[in-house]
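To start, the structure under review is shown below, and the notes come after it.
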């Protein structure tokens, strides 16, 4: 039997990843290169926010302290968030946004596929919806990475620069906290580390088609799972939490 505190912490990690990445994608609304992509990015963001809402709701039930999804999303301090650093990275350009999405979705697609066999009924229900969404996210992001990498000389340079910028953050995708490891051992949640080979294969296939090179990473960037975030996290939360903290308990 996994302690409730471990299941709660592991669910928070998953929810925080999706909350922060969903917020990052929402920042493209009205700013994407073309109208079709403006709508697509908004829909990707909605998928992630909807998924994190399910995870936060279940985490609140597991915790049993009376906190709901709004409390967990909006009323925690920066150090309490357990998302990986990759999802915090800014929207410096469209290439980085698409690559960030590919890196994340290429893991979460097989992750939720594996979670369909969870010993936890609620997790299985969440996975049933999420696995379909992550399959689309992976395909959509991969098409753009290939299109830019195999495009003009300029677009290829920008895409390769995005790889150099973001690849150091990918190792943390597979970091297993003590709570996540306990849940994996109990069959409640998948072991991220066990999915590394499949993720590597997906990325290698896309990069081959995009003519991109995977850089050597001497110093992987980690710390998000322990609540150690970059400067950008504070700016994200100032936007994300503003309305709820200004008007506590506000409902639609």
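Residue numbers (my numbering): 220 to 471.
Note that beta-carbon positions come from the ideal geometry of N, C-alpha and C, so glycine has one too.
- Secondary structure of residue 299 (DSSP, three-state): helix.
- Segment contact: the stretch 302-321 against the stretch 389-404, three or more CB-CB distances shorter than 8 Å; contact assigned.
- For the set 465, 461, 259, the Cα lying nearest the Cα of residue 359 is the one of 259.
- Sequence-distant Cβ neighbours of residue 430 in its own chain, meaning closer than 8 Å and more than five residues away, are 368, 369, 375.
- Note that the C-beta distance between residue 334 and residue 343 is below 8 Å.
- Counted as a single uninterrupted DSSP element, the alpha helix (DSSP H) harbouring residue 273 occupies residues 254-282.
- When Cβ pairs closer than 8 Å are counted between the two stretches, the stretch 220-228 is seen not to touch the stretch 245-256, the count staying below three.
- About 14 Å separates the Cβ atoms of residue 232 and residue 447, ruling out a contact at the 8 Å cut-off.
- The straight-line gap separating the alpha-carbon atoms of residue 419 and residue 412 is approximately 11 Å.
- Residue 284 is classed as exposed because its beta carbon has fewer than 16 other beta carbons within 10 Å across all chains shown.
- Counting C-beta pairs closer than 8 Å gives three or more between the stretch 260-268 and the stretch 235-244, which meets the contact rule.
- Residues 401, 402, 405, 407 of the same chain have their beta carbon placed closer than 7 Å to that of residue 221, with the five preceding and five following residues left out of the count.
- Collapsing the DSSP output to three states places residue 235 in a helix.
- With respect to the C-alpha of residue 310, the residue from 339, 300, 381 having the closest C-alpha is 381.
- Following the DSSP letters along the chain, one finds residue 359 inside the alpha helix (DSSP H) bounded by residues 340-368.
- The beta carbons of residue 463 and residue 293 sit closer together than 8 Å.
- Counting along the chain, residue 379 sits inside the alpha helix (DSSP H) bounded by residues 372-385.
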